[in-house]
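Asker: My questions will all concern the structure given below.
2 protein chains.
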Amino acid sequence: MKGFSLNQATTKYWSLDELVSGCVSVGVSAVGLWREEVTAFGTEKAASLVRDQGLTVSSLCRGGFFHDENWYDENRRAIEQAANLGTDTLVLVSGGLPGSSRDLDSARRHVGDAIGALVPDALAAGVRLAIEPLHPMFCSDRCVVSTLDQALHLASPYPASAVGVVIDTYHLWWDDTVWDGIARAGAEGRIAAFQLADWITPLPSGVLLGRGLPGTGAIDMKRFASAVRETGFDGFVEVEVFHEEVWSRPGASVLAEAIAGYEAAVA
Amino acid sequence: MKGFSLNQATTKYWSLDELVSGCVSVGVSAVGLWREEVTAFGTEKAASLVRDQGLTVSSLCRGGFFHDENWYDENRRAIEQAANLGTDTLVLVSGGLPGSSRDLDSARRHVGDAIGALVPDALAAGVRLAIEPLHPMFCSDRCVVSTLDQALHLASPYPASAVGVVIDTYHLWWDDTVWDGIARAGAEGRIAAFQLADWITPLPSGVLLGRGLPGTGAIDMKRFASAVRETGFDGFVEVEVFHEEVWSRPGASVLAEAIAGYEAAVA
């Protein structure tokens with residue numbers, strides 16, 4: 001594995017300038033970025049900033065939401081933005097059930113079809129589409145892809161250079177089949193990103209902002225890091241945490257704790 | 001399937017007297033009960049009340065929490081209470097990770113061992129231990145059994161007359177493997193209870209009280225009812241919903257809506 005990367009969402013209130021200087025000042029060599037923040041800052045300007053500071057963009061979040069009316073154009077723009085930022089990984093959050101539908105099978109098939117439609121654009125841009133299974137508690141409203149097995153199944157018709165999967169501890173830790181899935185994802189060359197966040201309770205209302213920094217919760221981070229390392233994964237390990245209390249703290253302190261959590265996991 | 005049963009938790013603020021008279025007055029022939037309420041009312045008194053009114057007790061919730069210090073004695077008392085109430089089904093909520101442990105495999109093994117230790121008591125009492133897989137969002141703090149596959153695996157060493165599983169739509173709806181699991185559970189004679197509750201968002205803080213009455217959310221209830229019916233399941237269909245807004249309404253109105261949701265599902 002290449003080392004630590006700070007996902008921008010972890011230090012949400014840092015500007016992109018602060019993120020870059022904060023990372024460079026402590027020797028962090030990679031960041032994961034989010035489309036909204038990059039777009040607000042200016043994509044070309046962001047690309048220059050990270051390039052000039054010698055940073056790698058380990059991933060861009062996020063494409064997906066394939067049930068939105070404009071999904072195709074929006075995802076093509078996301079692919080282009082990823083390429084412009086110099087990252088080879090676009091994380092996909094696939095979206096929940098459309099409208100009042102209760103047809104999960106159909107929603108999941110549509111995700112597969114949509115990804116297939118984007119494969120030529122992804123290959124042309126040199127950007128890999130990284131299907132992220134989200135925790136089943138997000139199934140109805142955010143992502144119908146709930147397990148690593150489902151993500152691998154959706155990826156399977158397409159070349160591994162075009163479609164991969166995201167291993168995020170927060171979403172997958174409860175699944176006793178995840179260890180086999182990680183080994184299989186590695187053997188297929190499909191691990192596009194590896195992200196750390198911990199499971200803490202009680203979950204907050206809406207459950208989106210309930211993640212803990214690695215080491216603060218219930219997840220066996222070392223087992224995940226070992227399993228991913230054993231596949232030969234050679235990417236960065238992103239720490240990606242959403243939590244109001246974490247966001248309220250000084251970015252440098254959060255970054256230090258994120259690095260410590262990463263180091264304990266990969267030790 | 002035998003018909004509708006009202007789980008007591010759905011009309012939480014009804015006393016046991018109100019629950020029984022409310023059910024009898026609209027022709028409902030079964031109720032699912034909870035230990036705490038039954039104990040407060042008096043187990044013998046509760047048993048007489050339901051028997052005298054011709055009601056079946058479709059299940060008793062709950063045994064389990066196998067990582068508590070007194071789990072063995074507590075579960076033996078639960079089995080005895082179920083037998084005294086005349087129900088053949090004790091629902092097990094197995095408990096989360098013990099203390100600060102992150103060892104899910106070990107916690108799950110302990111659940112299996114604990115259930116095995118209780119099998120002789122269950123057989124002697126004529127009460128089936130019904131392992132309930134809970135939604136993965138409860139994995140750390142309430143139940144390490146997160147999927148129907150896991151529940152069936154834990155049940156597999158023991159006779160189906162002693163150990164079964166609970167199919168609860170709320171906990172299992174997101175799982176694409178659940179249909180195979182239901183068929184397998186049916187073929188093994190292990191479906192001990194079938195419960196309906198719907199998935200609605202946003203989830204409330206703590207996520208426990210976020211369930212909707214059947215028909216109000218994202219779950220394909222008809223598909224679940226068909227899948228369970230096709231196994232030859234001959235038990236009751238319980239509606240079991242926890243939600244403050246539902247609890248705040250008059251019990252008779254909630255019961256009517258629960259029955260309507262059940263009828264739409266099994267139609």
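Same order as they appear, the protein sequences are chains A and B. Residue numbers for the first sequence, in UniProt numbering: 1 to 267. Residue numbers for the second sequence, in UniProt numbering: 1 to 267. Cβ coordinates follow ideal geometry from the N, Cα and C atoms, glycine included.
1) Determine the DSSP secondary structure at residue 205 of chain B, reduced to helix, strand or coil.
2) Report the residue from B:199, B:76, B:220 and B:218 whose alpha carbon sits nearest the alpha carbon of residue 242 of chain B.
3) Please determine, among A:161, A:127 and A:169, the residue with the shortest C-alpha to C-alpha distance to residue 147 of chain A.
4) Taking the alpha carbon of residue 13 of chain B as the reference point, which residue from B:262, B:250 and B:26 has its own alpha carbon closest?
5) To which residues of the same chain is residue 135 of chain A closer than 6 Å at the C-beta, ignoring the five residues directly before and after it?
6) How close, in whole Å, do the beta carbons of residue 55 of chain B and residue 38 of chain B come, if the pair is a contact with beta carbons under 8 Å?
7) Using the DSSP secondary-structure output, state which residues sit across from residue 163 of chain A in a beta bridge.
8) With DSSP run on the structure shown, which of helix, strand or coil describes residue 191 of chain A?
9) Between the C-alpha atoms of residue 57 of chain B and residue 156 of chain A, what's the straight-line distance to the nearest angstrom?
10) Could you name the residues of chain A that residue 106 of chain B contacts, counting a contact when the two beta carbons are closer than 7 Å?
11) What does residue 284 of chain B reach in chain A if we use C-beta pairs closer than 7 Å?
12) Going by DSSP, name the residue or residues bridged to residue 60 of chain B.
13) So is the beta-carbon of residue 218 of chain A under 7 Å away from any non-hydrogen atom of the ligand HEM?
14) Residue range of the alpha helix (DSSP H) that residue 224 of chain B falls in?
15) For chain B, check one thing: does any of its Cβ atoms lie closer than 8 Å to the Cβ of residue 206 of chain A?
16) Taking DSSP as the reference, what is the three-state secondary structure of residue 28 of chain B?
17) Hey, how far is the Cα of residue 45 of chain B from the Cα of residue 34 of chain B?
18) Please check if any C-beta of chain A sits within less than 8 Å of the C-beta of residue 136 of chain B.
19) Okay, do the region 90-105 of chain A and the region 123-142 of chain B touch, 3+ Cβ pairs below 8 Å being the bar?
20) Specify the secondary structure class of residue 142 of chain A as computed by DSSP and reduced to three states.
21) Between residue 239 of chain A and residue 196 of chain A, how many whole angstroms is the CB-CB distance? I'm expecting something under 8 Å.
22) Identify the continuous alpha helix (DSSP H) that holds residue 55 of chain B and give its terminal residues.
23) Less than 8 Å between the C-beta atoms of residue 178 of chain A and residue 131 of chain A, yes or no?
24) Would you say residue 102 of chain B lies against chain E (beta-carbon separation less than 8 Å)?
25) Cα separation between residue 22 of chain B and residue 50 of chain B?
26) Please work out which residues of its chain come closer than 6 Å, Cβ to Cβ, to residue 219 of chain B, disregarding the five sequence neighbours upstream and downstream, and give them in chain order.
27) Quick one: list the residues of chain A neighbouring residue 150 of chain B, beta-carbon separation under 7 Å, in chain order.
28) Under 7 Å Cβ-Cβ, which residues of chain B neighbour residue 219 of chain A?
29) Hey, residue 64 of chain B and residue 97 of chain B: beta-carbon distance below 8 Å or not?
30) Between A:207, A:184, A:15 and A:108, which lies nearest to residue 42 of chain A when the distance is taken from Cα to Cα?
31) What in chain B is Cβ-close to residue 92 of chain A, meaning under 9 Å?
32) Measuring straight from C-alpha to C-alpha, what distance separates residue 121 of chain B and residue 127 of chain B?
Answerer: Straight from the coordinates:
1) As a position in the second sequence, residue 205 of chain B is number 205, starting the count at 1. Correct three-state label for residue 205 of chain B: coil.
2) Within the second sequence, the letter at position 242 stands for residue 242 of chain B. Of the listed residues, the one whose Cα sits closest to residue 242 of chain B is B:199.
3) As a position in the first sequence, residue 147 of chain A is number 147, starting the count at 1. That would be A:169, whose Cα lies nearest to the Cα of residue 147 of chain A.
4) In the second sequence, residue 13 of chain B corresponds to position 13, counting from 1. Answer by Cα proximity: B:250.
5) Here residue 135 of chain A corresponds to residue number 135 of the first sequence, with the count starting at 1. Once the five neighbours on either side are set aside, the close Cβ partners of residue 135 of chain A are 171.
6) The count along the second sequence starts at 1 and reaches residue 55 of chain B at position 55. The count along the second sequence starts at 1 and reaches residue 38 of chain B at position 38. At roughly 13 Å, the Cβ-Cβ gap does not stay under 8 Å, so residue 55 of chain B and residue 38 of chain B are not in contact.
7) By one-based count along the first sequence, residue 163 of chain A stands at place 163. Answer by DSSP bridge pairing, in chain order: A:129.
8) Residue mapping note: residue 191 of chain A aligns to position 191 of the first sequence, counting from 1. Reduced to three states, the DSSP call for residue 191 of chain A is strand.
9) Taking the second sequence and counting its residues from 1, one reaches residue 57 of chain B at position 57. Taking the first sequence and counting its residues from 1, one reaches residue 156 of chain A at position 156. Each residue's Cα considered, the two are about 48 Å apart.
10) As a first step, residue 106 of chain B is located in the second sequence; it is residue number 106 there, counting from the start. Near residue 106 of chain B there are no residues of chain A at all, since even the closest Cβ is about 11 Å away, more than 7 Å.
11) Here chain B comprises residues numbered 1 to 267, so residue 284 of chain B is not present and cannot be evaluated.
12) On the second sequence, position 60 is the one that residue 60 of chain B refers to. According to DSSP, residue 60 of chain B bridges with B:33 and B:90.
13) Inclusion of the ligand HEM in the displayed structure is not the case, the ligand content being empty and no account of it being possible.
14) Counted from its first residue, the second sequence places residue 224 of chain B at position 224. Element bounds for residue 224 of chain B: 221-230.
15) Taking the first sequence and counting its residues from 1, one reaches residue 206 of chain A at position 206. Output row for residue 206 of chain A: interface = yes.
16) Along the second sequence, one-based indexing puts residue 28 of chain B at 28. Look at residue 28 of chain B here: in three-state DSSP terms it is coil, with no helix or strand label.
17) For this step, residue 45 of chain B is matched to residue 45 along the second sequence. For this step, residue 34 of chain B is matched to residue 34 along the second sequence. Their backbone Cα atoms lie some 14 Å apart in a straight line.
18) Taking the first residue of the second sequence as position 1, residue 136 of chain B is located at position 136. Yes, residue 136 of chain B lies at the interface with chain A (some Cβ there is under 8 Å from its Cβ).
19) no
20) Within the first sequence, residue 142 of chain A is the residue found at index 142, counting from 1. Coil.
21) As a position in the first sequence, residue 239 of chain A is number 239, starting the count at 1. As a position in the first sequence, residue 196 of chain A is number 196, starting the count at 1. The pair is a contact, with the Cβ atoms about 5 Å apart (cut-off 8 Å).
22) Here residue 55 of chain B corresponds to residue number 55 of the second sequence, with the count starting at 1. Careful: residue 55 of chain B lies outside any alpha helix (DSSP H) and carries neither H nor E.
23) One-based indexing of the first sequence puts residue 178 of chain A at position 178. One-based indexing of the first sequence puts residue 131 of chain A at position 131. No, the Cβ-Cβ distance between residue 178 of chain A and residue 131 of chain A is not below 8 Å.
24) Protein chains in the displayed structure are A and B, and chain E is not among them.
25) Here residue 22 of chain B is taken as the residue at index 22 of the second sequence, counted from 1. Here residue 50 of chain B is taken as the residue at index 50 of the second sequence, counted from 1. Using only the alpha carbons, I get a separation of about 12 Å.
26) Taking the second sequence and counting its residues from 1, one reaches residue 219 of chain B at position 219. Once the five neighbours on either side are set aside, the close Cβ partners of residue 219 of chain B are 169, 173, 198 and 199.
27) As a working note, residue 150 of chain B is residue 150 in the second sequence. Under the 7 Å cutoff, chain A gives 176.
28) One-based indexing of the first sequence puts residue 219 of chain A at position 219. In chain order: 102.
29) As a first step, residue 64 of chain B must be located in the second sequence, where it is residue number 64. As a first step, residue 97 of chain B must be located in the second sequence, where it is residue number 97. Contact: no.
30) Within the first sequence, residue 42 of chain A is the residue found at index 42, counting from 1. Considering only alpha carbons, the answer is A:15.
31) Within the first sequence, numbered from 1, the residue matching residue 92 of chain A stands at position 92. Result: empty, since nearest Cβ-Cβ is about 18 Å, beyond 9 Å.
32) For the purposes of this step, residue 121 of chain B is taken as residue 121 along the second sequence, with counting starting at 1. For the purposes of this step, residue 127 of chain B is taken as residue 127 along the second sequence, with counting starting at 1. A direct Cα-to-Cα measurement between residue 121 of chain B and residue 127 of chain B gives close to 8 Å.
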